[in-house]
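In terms of our numbering, the sequence shown opens at residue 1214 and continues consecutively. Glycine included, C-beta positions come from ideal geometry on N, C-alpha and C. Bear in mind the structure is a predicted one, so any value in this text is a computation, not a measurement. Here's the structure, in structure tokens; my notes come after.
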Amino acid sequence: MARESESGLPIEPVYGPDALADWDPAEKLGEPGAYPFTRGVYPSMYTGRPWTMRQYAGFGTASESNARYKQLIANGTMGLSVAFDLPTQMGHDSDAPIASGEVGKVGVAIDSIDDMRVLFGGIPLDKVSTSMTINAPAALLLLLYQLVAEEQGVGADQLTGTIQNDVLKEYIARGTYIFPPKPSLRLIADIFKYCRAEIPKWNTISISGYHMAEAGASPAQEIAFTLADGIEYVRTAVAAGMDVDDFAPRLSFFFVARTTILEEVAKFRAARRIWARVMKEEFGAKNPKSLMLRFHTQTAGVQLTAQQPEVNLVRVAVQGLAAVLGGTQSLHTNSFDEAIALPTDKSARLALRTQQVLAYETDVTATVDPFAGSYVIEKMTDEVESAALELMRKVEDLGGAVTAIEHGFQKNEIERNAYRIAQETDAGERVVVGVNRFQLDEEEPYEPLRVDPAIEAQQAERLARLRAERDQAAVDTALAALRKAAEGEDNVLYPMKDALRARATVGEVCNALRDVWGTYVPTDAF
């Protein structure tokens, strides 16, 4: 009896040559590092060097997170990945009433340049690559990072890293939006232009399917809606007067890796192929780097369980292997205790060691695209590609990603799939080890890491001190210039940088933009 994949596609018990009877290797595969990039974006892939090992970290105060980063670097992490707390993600200061109870909980609290200095104190920003998971206020955190680098004597042309900066998926699946879609897209275009002129090595956006997958999207939905968002961003930048080859090489993507290895490998290969063709055929990109879908992967947090949490070590290893076999450029492996609380030092170290075992103790890095030509993988790649293209056509028929979002299309599709998964799990048709099969009569005790609630008061004290010490007239002048730029067509990042240098807070800068652009209020989907 045939099983179904996560995307609802049939998986046959046996595959043979007939599965690829009309299959053209030249069209479907190509060579590694060459169009259509099915086999990977670089000719040598991991045979030259392994993927970038990032560990997503950040909690409590900037000083606590700084200590964790230094530990990760000492343990062999090749790139930092910053988690921000919810108030920072929503553009609120830690002492704002709306921030109460959330300061430092799911990431680090950053209120001003003072906090950013502490966060990266003693970390050479010309030597590390930093990814920041921040969206609506992404421009602010990037500028704070640049300002701290300048204070270290590091030029902006030496900075490498990524800001997530993908606001469209916030409307679909995550919810940390601030402004309506139109000004949000304008802000993203301003970031593209600013970075091309000022921070040329920076990846200006990480177009994310991860959060859609965590909300319940299937692999086909994940890549379809992510690539549709990518198309919207490219159209926005082109409409703002940019040449596609001036910014497309700095685009990057962010996907999940589930435990279903075969379909995940097929998903990554299909996504590369679709994107290469879209960039070549729709946008006329000429630079081969504009056609490359480079992506970061994170193992699937939604598949981790609070029951028998050590089993998550096995899940994460399998998920990490799927990402590597699929050709990721960088990888974060979740800690086994993340379904319970923030990771401890030991669990974060074990997560990193998982990547190091994959890179240095297995043979998956010895050859490029190990599954190329596999009957099952090539067939599944074609099927995931077809399913994703069909969903992308539906988005286009509605008028593109933004209009589809306004109609609730992507959200409804994802919620239907999430409901299907929940039903199958509840019925026992989908096995979750330790949850609906192979349970323990009594769970073993586990002591999680907890964030000190006093952090909220400490951040409020820091803010009060900052406001008392700074030149308020300079802040007011800079914020007025920012509002003026937001009302017109000037790039808002230049006055924004001046305001942040003058020690305006994240909340004050975002409020200045709220004054002009308003805030997004979702409508009920049909």
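Margin query: Just to confirm before moving on: does the CB-CB distance between Asp1403 and Leu1706 stay below 8 Å?
Written below: For the purposes of this step, residue 1403 is taken as the residue at position 190 of the sequence shown. For the purposes of this step, residue 1706 is taken as the residue at position 493 of the sequence shown. Going by C-beta atoms, Asp1403 is nearer than 8 Å to Leu1706.
Check: Span of the beta strand (DSSP E) holding Ser1276?
Finding: Here residue 1276 refers to the residue found at position 63 of the sequence shown. From DSSP, Ser1276 is part of no beta strand (DSSP E) but of the alpha helix (DSSP H) over 1275-1287.
Notebook entry, point to check: So Leu1555 packs on Phe1272, CB below 8 Å; how close in whole Å?
Noted result: Numbered from 1 along the sequence shown, position 342 holds the residue referred to as residue 1555. Numbered from 1 along the sequence shown, position 59 holds the residue referred to as residue 1272. At roughly 5 Å, the Cβ-Cβ gap stays under 8 Å, so Leu1555 and Phe1272 are in contact.
Margin query: Considering only their Cβ atoms, is the gap separating Val1316 from Pro1300 smaller than 8 Å?
Written below: Residue 1300 sits at position 87 when you count from the first residue of the sequence shown. Residue 1316 sits at position 103 when you count from the first residue of the sequence shown. Between Pro1300 and Val1316, the C-beta spacing is below 8 Å.
Checklist line | Given Phe1574 as reference, the closest of Thr1510, Asp1379, Arg1678, Leu1534 once Cα atoms are compared | finding: The residue labelled residue 1574 in the question sits at position 361 within the sequence shown. Here residue 1574 is Glu; the residue named in the question, Phe, does not match the sequence. If we check each option's Cα against that of Glu1574, Leu1534 comes out closest.
Item checked: Under the three-state DSSP convention, the category Val1295 falls into -> For this step, residue 1295 is matched to residue 82 along the sequence shown. Residue state, collapsed to three classes: strand.
Item checked: Length at least 3, wholly inside the region 1353-1437: the beta strand (DSSP E) runs in chain order -> 1373-1376, 1418-1421
Margin query: Just to confirm my understanding: we take Leu1653, look at its own chain, exclude 5 residues before and 5 after, and list those with CB closer than 8 Å. What are they?
Written below: Taking the first residue of the sequence shown as position 1, residue 1653 is located at position 440. Cβ neighbours of Leu1653 beyond the five flanking positions: Gln1520, Gln1521, Gly1647.
Check: Using 8 Å as the Cβ pair cut-off and three pairs as the minimum, do the region 1351-1358 and the region 1401-1420 touch?
Finding: yes
Notebook entry, point to check: Are Ile1634 and Gly1443 close, meaning C-beta to C-beta below 8 Å?
Noted result: By one-based count along the sequence shown, residue 1634 stands at place 421. By one-based count along the sequence shown, residue 1443 stands at place 230. Cβ atoms of Ile1634 and Gly1443: not closer than 8 Å.
Check: By Cβ distance, which residues of its chain are closer than 8 Å to Ala1552, with the 5 residues on each side in sequence left out?
Finding: In the sequence shown, counting from the first residue as 1, residue 1552 sits at position 339. Scanning its chain for C-beta atoms nearer than 8 Å, with the 5 sequence neighbours on each side dropped, one finds around Ala1552 the residues Gly1514, Leu1517, Thr1518, Ala1519, Pro1522, Asn1525, in chain order.
Item checked: Inter-stretch contact (C-beta, 8 Å, three-pair minimum) for the region 1417-1427 and the region 1713-1731 -> no
Next item on the list: Output the residue ranges of the beta strand (DSSP E) runs that lie fully inside the region 1475-1514 and measure 3 residues or longer, sorted by chain position.
Entry: 1508-1512
Notebook entry, point to check: Thr1439: which of Ala1614, Gln1542, Thr1265, Ala1585 sits nearest, CA to CA?
Noted result: Along the sequence shown, one-based indexing puts residue 1439 at 226. Selected option, being the one with the closest Cα: Ala1614.
Next item on the list: State the DSSP-derived secondary structure class of Arg1663, mapped to helix, strand or coil.
Entry: By one-based count along the sequence shown, residue 1663 stands at place 450. In this structure, Arg1663 counts as coil in the three-state DSSP scheme.
Next item on the list: Rounded to whole angstroms, what's the CA-CA distance from Gln1365 to Leu1338? Just pull it up for me.
Entry: Taking the first residue of the sequence shown as 1, we reach residue 1365 at position 152. Taking the first residue of the sequence shown as 1, we reach residue 1338 at position 125. Approximately 8 Å between the Cα atoms of the pair.
Notebook entry, point to check: From Val1529 to Arg1267, what distance separates their C-alpha atoms?
Noted result: On the sequence shown, position 316 is the one that residue 1529 refers to. On the sequence shown, position 54 is the one that residue 1267 refers to. Roughly 14 Å separates the two Cα atoms.
Notebook entry, point to check: What span of residues does the alpha helix (DSSP H) with Ser1560 cover, start to end?
Noted result: In the sequence shown, the residue the question calls residue 1560 occupies position 347. Here the alpha helix (DSSP H) through Ser1560 covers 1558-1573.
Next item on the list: For Ala1309, collect the residues of the same chain with a Cβ closer than 8 Å to its Cβ; drop the 5 residues on either side in sequence, then sort them by chain order.
Entry: Counting from 1 along the sequence shown, the entry for residue 1309 is found at position 96. In chain order, Pro1300, Gly1720 place their CB closer than 8 Å to the CB of Ala1309, counting only its own chain and leaving out the 5 sequence neighbours on each side.
Check: Can you list, in chain order, the residues of its chain whose CB lies under 6 Å from that of Glu1700, leaving out five sequence neighbours each side?
Finding: Within the sequence shown, residue 1700 is the residue found at index 487, counting from 1. Contacts found: Val1729.
Notebook entry, point to check: What are the boundary residues of the alpha helix (DSSP H) that Met1605 is part of?
Noted result: Reading the sequence shown from its first residue, position 392 is the one you call residue 1605. Annotation for Met1605: the continuous alpha helix (DSSP H) segment containing it runs 1588-1610.
Note to self: Is it buried or exposed, Ala1738, if we count other Cβ atoms within 10 angstroms and call 16 or more buried?
What the structure shows: Walking along the sequence shown from the start, residue 1738 turns up at place 525. With a pLDDT of 44 at Ala1738, under the threshold of 50, the predicted position of this residue should be treated as unreliable, though the coordinate-derived value follows. By the neighbour-count criterion, in which 16 or more other beta carbons inside 10 Å mark a residue as buried, Ala1738 falls on the exposed side.
Notebook entry, point to check: If we count Cβ pairs, one from each stretch, closer than 8 Å, do we get three or more for the region 1478-1490 versus the region 1594-1609?
Noted result: yes
Item checked: Integer Cβ distance of Val1457 from Gly1497, believed to fall under 8 Å -> Here residue 1457 is taken as the residue at index 244 of the sequence shown, counted from 1. Here residue 1497 is taken as the residue at index 284 of the sequence shown, counted from 1. Confirmed, about 7 Å.
Notebook entry, point to check: Of all the options Arg1650, Arg1643, Met1258, which has the alpha carbon lying nearest to the alpha carbon of Thr1580?
Noted result: Reading the sequence shown from its first residue, position 367 is the one you call residue 1580. Of Arg1650, Arg1643, Met1258, the residue nearest in Cα terms is Met1258.
Next item on the list: Please name the residue, chosen from Glu1383, Met1425, Tyr1269, Gly1540, that lies closest to Glu1628 on a Cα-to-Cα basis.
Entry: Within the sequence shown, numbered from 1, the residue matching residue 1628 stands at position 415. Per the Cα distances, Met1425.
Item checked: Residue range of the unbroken alpha helix (DSSP H) whose run includes Arg1696 -> By one-based count along the sequence shown, residue 1696 stands at place 483. 1685-1700 is the span of the alpha helix (DSSP H), which, as asked, contains Arg1696.
Note to self: Looking only at its chain, what residues have a beta carbon closer than 8 Å to the beta carbon of Thr1389, apart from the 5 residues adjacent to it on each side?
What the structure shows: In the sequence shown, residue 1389 corresponds to position 176, counting from 1. Its chain contains Leu1299, Gln1302, Met1303, Asn1348, Ala1349, Glu1383 as the residues whose beta carbon lies nearer than 8 Å to that of Thr1389, once the 5 sequence neighbours on both sides are disregarded; these appear in chain order.
Item checked: CB contact flag (Ala1362, Tyr1588, <8 Å) -> Numbered from its first residue, the sequence shown carries residue 1362 at position 149. Numbered from its first residue, the sequence shown carries residue 1588 at position 375. Contact: no.
Checklist line | the region 1556-1567 touching the region 1675-1685, judged by at least three CB pairs closer than 8 Å | finding: no
Notebook entry, point to check: Buried or exposed: Lys1395, going by 16 or more other Cβ atoms within 10 Å of its Cβ?
Noted result: Position 182 of the sequence shown, counted from the first residue, corresponds to residue 1395. Flag for Lys1395 reads exposed.
Checklist line | Phe1739 in three-state terms, based on DSSP | finding: Counted from its first residue, the sequence shown places residue 1739 at position 526. Any reading at Phe1739 is ruled out, since the residue's pLDDT is 37, under 50, leaving its predicted position unreliable.
Margin query: Within the continuous alpha helix (DSSP H) that includes Gln1636, where are the two ends?
Written below: Position 423 of the sequence shown holds residue 1636. Residues 1622-1639.
Check: Between Lys1502 and the rest of its own chain, which residues show a CB-CB distance below 7 Å, the 5 nearest in sequence each way excluded?
Finding: One-based indexing of the sequence shown puts residue 1502 at position 289. Excluding sequence neighbours, Lys1502 sits near Pro1462.
Next item on the list: Would you list the one or two residues that DSSP bridges to Phe1466?
Entry: Here residue 1466 refers to the residue found at position 253 when the sequence shown is read from its first residue. Phe1466 is bridged to Ile1420, Phe1508.
Note to self: For Met1593 and Thr1251, what's the separation of their Cα atoms in angstroms?
What the structure shows: Sequence index remark: in the sequence shown, residue 1593 carries index 380 (1-based). Sequence index remark: in the sequence shown, residue 1251 carries index 38 (1-based). About 13 Å.
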